[in-house]
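Asks: Attaching a single structure in structure tokens format; questions to follow.
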Amino acid sequence: MILAAIDIGSNAARILVCEVEKRGKEVNFNRLNLLRIPLRLGFDVFEKGFIGSRKRKMLMDTIKTFKQLMKVYEVEHYMACATSAMRDAENAKEIIKEIEAETSIEIEVISGELEAEIIYENHFAELLDDKKSYLYIDVGGGSTELTLYHKSKVVLQKSFNVGTVRILTKKVKDATWDELKETLKDLSKEYDNLIGIGSGGNINKLFSISGTKNGHPLNSSTIKEIYEEMQALDVEERMHHYNIRQDRAEVLVPALTIYNSILKWANIEEVFVPKIGLADGLIHHLYDQVLAEELK
Numbered sequence: 000m001i002l003a004a005i006d007i008g009s010n011a012a013r014i015l016v017c018e019v020e021k022r023g024k025e026v027n028f029n030r031l032n033l034l035r036i037p038l039r040l041g042f043d044v045f046e047k048g049f050i051g052s053r054k055r056k057m058l059m060d061t062i063k064t065f066k067q068l069m070k071v072y073e074v075e076h077y078m079a080c081a082t083s084a085m086r087d088a089e090n091a092k093e094i095i096k097e098i099e100a101e102t103s104i105e106i107e108v109i110s111g112e113l114e115a116e117i118i119y120e121n122h123f124a125e126l127l128d129d130k131k132s133y134l135y136i137d138v139g140g141g142s143t144e145l146t147l148y149h150k151s152k153v154v155l156q157k158s159f160n161v162g163t164v165r166i167l168t169k170k171v172k173d174a175t176w177d178e179l180k181e182t183l184k185d186l187s188k189e190y191d192n193l194i195g196i197g198s199g200g201n202i203n204k205l206f207s208i209s210g211t212k213n214g215h216p217l218n219s220s221t222i223k224e225i226y227e228e229m230q231a232l233d234v235e236e237r238m239h240h241y242n243i244r245q246d247r248a249e250v251l252v253p254a255l256t257i258y259n260s261i262l263k264w265a266n267i268e269e270v271f272v273p274k275i276g277l278a279d280g281l282i283h284h285l286y287d288q289v290l291a292e293e294l295k
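Have a look at this one:
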């Protein structure tokens, strides 16, 4: 079965194409293609409240490209979701209708809470030590999703409008930072020795830059050191020094700002970085839906 997941974020849009194979009780999700387009919708939305004509056209062209990719891979089922920027955009409904009319691709704008829940559907929680507590941290362009696992059970799923593009456009409210800080400090009192799990392009790039071996966690002290080194450089210097694209060079420092704050307030010393994210969760979510339909 070939499935596709489209994730339209505040900084980039992605399509993940997977072949799902069921062998007995085991289900394998094999990645066939992952394409990322740095649309940066949040720069329009968080500054102006809507998606302007240029980025609107870019989004349309991107969805048309994704549709062609799905055709080539003979995708049987797909799911397309939009997150923080589209949640805030005044003209989101109008754009979604226009995209559906031209491409037949239906886009669903999901809440921050549902976003956190779908990310959880990666089923990686089954691999965690059921005696320990973990905080899953997904930092995006427009929002940060937190999920707390205690003894392999989800005890908190919450979304905060703190994201890399919101920071760059100076649109994060002090009250939102305060709420995030208060939530994390309360968690650190209730759950000792929290272990972090980070997802998304920024923490994956940070993991690569750090030289940490696969399977080993990033130390909070390493994240802080890289942040201090990186913030002293301008965007061009970061691009050259770390061999990264411009859009990544711009958002890494605000991403590290968010991670450093979360780790400090939650008293977390280690962060594991499995290569998973919303698109992976969407594939699992879609597969579960397809199975449920087949059983009807």
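One point on numbering: in numbering that gives the first Met the number 0, the residue at position 164 of the sequence shown is 163, and numbering is uninterrupted. Backbone N, C-alpha and C define an ideal beta-carbon position, used for all residues, glycine too.
Name the one or two DSSP bridge partners that N27 has.
Replies: Taking the sequence shown and counting its residues from 1, the one referred to as residue 27 is at position 28. In the DSSP output, where bridge partners are listed per residue, N27 has E20.
Asks: Just the Cα atoms here: how many angstroms apart are M324 and K131?
Replies: Since the first residue shown for the chain is 0 and the last is 295, residue 324 is missing from the structure and cannot be characterised.
Asks: Fully enclosed by the segment 40–81, which alpha helix (DSSP H) runs are 4 residues long or longer?
Replies: Complete alpha helix (DSSP H) runs here, min 4: 40–47, 52–71.
Asks: Tell me F271's beta-bridge partners as DSSP assigns them.
Replies: By one-based count along the sequence shown, residue 271 stands at place 272. According to DSSP, F271 bridges with I196.
Asks: When you compare only the Cα positions, how much space is there between E268 and L262?
Replies: As a first step, residue 268 is located in the sequence shown; it is residue number 269 there, counting from the start. As a first step, residue 262 is located in the sequence shown; it is residue number 263 there, counting from the start. Approximately 7 Å, taken between the alpha carbons.
Asks: Check whether the segment 247–262 and the segment 194–210 are in contact - that is, three or more C-beta pairs closer than 8 Å.
Replies: Verdict: yes, contact present.
Asks: Once you ignore the five residues that flank L186 on each side, which residues in its own chain have a CB closer than 8 Å to its CB?
Replies: Here the question's residue 186 lines up with position 187 in the sequence shown. These residues qualify, in order along the chain: L134, L147, L155, L193, A265.
Asks: Which same chain residues, not among the five before or five after V108, have their C-beta less than 7 Å away from its C-beta?
Replies: Counted from its first residue, the sequence shown places residue 108 at position 109. Here the set comprises A81, M85, R86, A91.
Asks: The beta strand (DSSP E) spanning E93 covers which residue range?
Replies: Here residue 93 corresponds to residue number 94 of the sequence shown, with the count starting at 1. That residue, E93, is in no beta strand (DSSP E); its alpha helix (DSSP H) goes 91–102.
Asks: In chain order, which continuous runs of the beta strand (DSSP E) of length 3 or greater are located wholly inside the segment 109–182?
Replies: Listed in chain order, they are 132–138, 143–149, 152–159.
Asks: Return the Cβ separation of M57 and L38 in integer angstroms, given the expectation that the two are a contact with Cβ distance under 8 Å.
Replies: Taking the first residue of the sequence shown as 1, we reach residue 57 at position 58. Taking the first residue of the sequence shown as 1, we reach residue 38 at position 39. Correct: roughly 6 Å between the Cβ atoms.
Asks: CA-CA distance, T175 and V161?
Replies: One-based indexing of the sequence shown puts residue 175 at position 176. One-based indexing of the sequence shown puts residue 161 at position 162. Cα-Cα distance, rounded: 7 Å.
Asks: May I have the straight-line CA-CA distance separating V270 from G195, to the nearest angstrom?
Replies: By one-based count along the sequence shown, residue 270 stands at place 271. By one-based count along the sequence shown, residue 195 stands at place 196. Answer to the nearest angstrom: the Cα atoms are 4 Å apart.
Asks: Thinking C-alpha only, which one of I62, D137, H283 is nearest A100?
Replies: To locate residue 100, count along the sequence shown from 1; it is residue 101. It is I62 whose Cα lies nearest to the Cα of A100.
Asks: Could you tell me whether the Cβ atoms of L2 and N32 are closer together than 8 Å?
Replies: In the sequence shown, counting from the first residue as 1, residue 2 sits at position 3. In the sequence shown, counting from the first residue as 1, residue 32 sits at position 33. No, they are not a contact pair.
Asks: On the DSSP bridge assignment, give the partners of A248 in chain order.
Replies: Along the sequence shown, read from residue 1 onward, the residue named residue 248 stands at position 249. DSSP output for A248 lists no bridge partner at all.
Asks: Is E249 buried or exposed, if buried means 16 or more other CB atoms sit within 10 Å of its CB?
Replies: Position 250 of the sequence shown holds residue 249. Buried: at least 16 other Cβ atoms inside 10 Å.
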